[in-house]
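Residue numbers (our numbering), protein chains in the order written: chain A, 359 to 470; chain B, 3 to 113.
This is the structure we're talking about:
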């Protein structure tokens, strides 16, 4: 049971490039989340999903897209990367409405 | 919009001391509140989850309380140890599926 895994661990992008951050969980959790954490700040919710085929915007969705074709995977797509998207990205999942979130180790993204 | 504040931003205590971390939120219509620990360069680890109908939760040396009406939660750490050094984050879930995090309290326990 690996929990929540994220790839890559670290990536440098040039302005205008695109990339997909991968997130997979093997706990059969319905709910999955993407957050970003800027230095010295708390986490901000980007997108979330309550089950396969269902996604919704969080607090800071602009510049990102998600999909949820399976229960296990919840990739985050960055189109036209901008320096403002330099951050650490965390994926999380939880089983049900009253249960705790489990976090992945994060992806550090630098946009230059 | 929910705003979550954590005070102090940083705290340094000698080993063995009991301490309290504070979390306040602006909208009392919450589903639950969760405390997390974050070690440098790592993800978040859940410590305690308090449902909106509960007043407190305990796990080992940790005790978290929730006063929904006043928009406050505290995390009490008893007999602090150097291994407790980390950043502690609180997060509130609204009545939907959105989570709002505080900026955290960075704790250093001095041996």
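All C-beta atoms, glycine included, are put in the ideal place defined by N, C-alpha and C.
No experiment lies behind these values; they were computed from the predicted model shown.
Which whole-angstrom value is the C-beta distance of residue i and residue j, which I expect to be below 8 angstroms?
i, j, result
"residue 4 of chain B", "residue 96 of chain B", "6 angstroms"
"residue 424 of chain A", "residue 443 of chain A", "Contact flag wrong, Cβ pair sits at about 14 angstroms."
"residue 43 of chain B", "residue 82 of chain B", "No, residue 43 of chain B and residue 82 of chain B are not in contact; Cβ-Cβ is about 22 angstroms, not under 8 angstroms."
"residue 13 of chain B", "residue 109 of chain B", "5 angstroms"
"residue 439 of chain A", "residue 370 of chain A", "About 10 angstroms separates the two Cβ atoms, so there is no contact after all."
"residue 414 of chain A", "residue 405 of chain A", "7 angstroms"
Select from the options the residue whose C-alpha is nearest the C-alpha of residue i.
i, options, result
"residue 105 of chain B", "B:113, B:94, B:112", "B:94"
"residue 32 of chain B", "B:65, B:103, B:17", "B:103"
"residue 386 of chain A", "A:374, A:460, A:414, A:436", "A:460"
"residue 447 of chain A", "A:400, A:465, A:406", "A:465"
"residue 100 of chain B", "A:403, A:373, A:409", "A:403"
"residue 361 of chain A", "A:397, A:451, A:371, A:455", "A:451"
"residue 8 of chain B", "A:365, A:400, A:392", "A:400"
"residue 456 of chain A", "B:11, B:10, B:56, B:21", "B:56"
"residue 112 of chain B", "B:20, B:6, B:10, B:11", "B:20"
"residue 453 of chain A", "A:370, A:365, A:408", "A:408"
"residue 54 of chain B", "B:64, B:30, B:62", "B:30"
"residue 412 of chain A", "A:420, A:394, A:432", "A:432"
"residue 458 of chain A", "A:388, A:418, A:419, A:366", "A:388"
Let me confirm a value: residue i is counted as buried when at least 16 other C-beta atoms fall within 10 Å, else exposed. Which label applies?
i, result
"residue 28 of chain B", "exposed"
"residue 390 of chain A", "buried"
"residue 107 of chain B", "buried"
"residue 79 of chain B", "buried"
"residue 45 of chain B", "buried"
"residue 59 of chain B", "buried"
"residue 368 of chain A", "exposed"
"residue 436 of chain A", "buried"
"residue 416 of chain A", "buried"
"residue 398 of chain A", "exposed"
"residue 445 of chain A", "buried"
"residue 66 of chain B", "buried"
"residue 98 of chain B", "exposed"
Within the continuous beta strand (DSSP E) that includes residue i, where are the two ends?
i, result
"residue 70 of chain B", "Neither: residue 70 of chain B is in no beta strand (DSSP E) and is coded neither H nor E."
"residue 468 of chain A", "465-469"
"residue 362 of chain A", "362-365"
"residue 59 of chain B", "58-61"
"residue 18 of chain B", "Residue 18 of chain B -> no beta strand (DSSP E), and no H or E assigned at all."
"residue 409 of chain A", "401-409"
"residue 415 of chain A", "412-415"
"residue 96 of chain B", "88-96"
"residue 388 of chain A", "No beta strand (DSSP E) holds residue 388 of chain A; DSSP gives it neither H nor E."
"residue 423 of chain A", "422-424"
"residue 438 of chain A", "Unbroken run through residue 438 of chain A: none, as it is neither H nor E."
"residue 368 of chain A", "368-371"
"residue 453 of chain A", "Here residue 453 of chain A belongs to no beta strand (DSSP E), and DSSP marks it neither H nor E."
"residue 34 of chain B", "32-40"
"residue 107 of chain B", "107-112"
"residue 8 of chain B", "6-9"
Three or more C-beta pairs closer than 8 angstroms, one from the stretch 49-59 of chain B and one from the stretch 29-41 of chain B: is that the case here?
yes
Any 3 or more C-beta pairs closer than 8 angstroms across the stretch 375-383 of chain A and the stretch 79-94 of chain B
no
Evaluate the contact criterion for the stretch 416-428 of chain A versus the stretch 11-26 of chain B: three or more CB pairs, one atom per stretch, below 8 angstroms.
no
So, does the stretch 59-76 of chain B touch the stretch 364-377 of chain A, judging by three or more C-beta pairs under 8 angstroms?
no
Give, in chain order, every residue of the stretch 35-47 of chain B whose Cβ lies closer than 7 angstroms to some Cβ of chain E.
The displayed structure is made up of protein chains A and B, and chain E is not among them.
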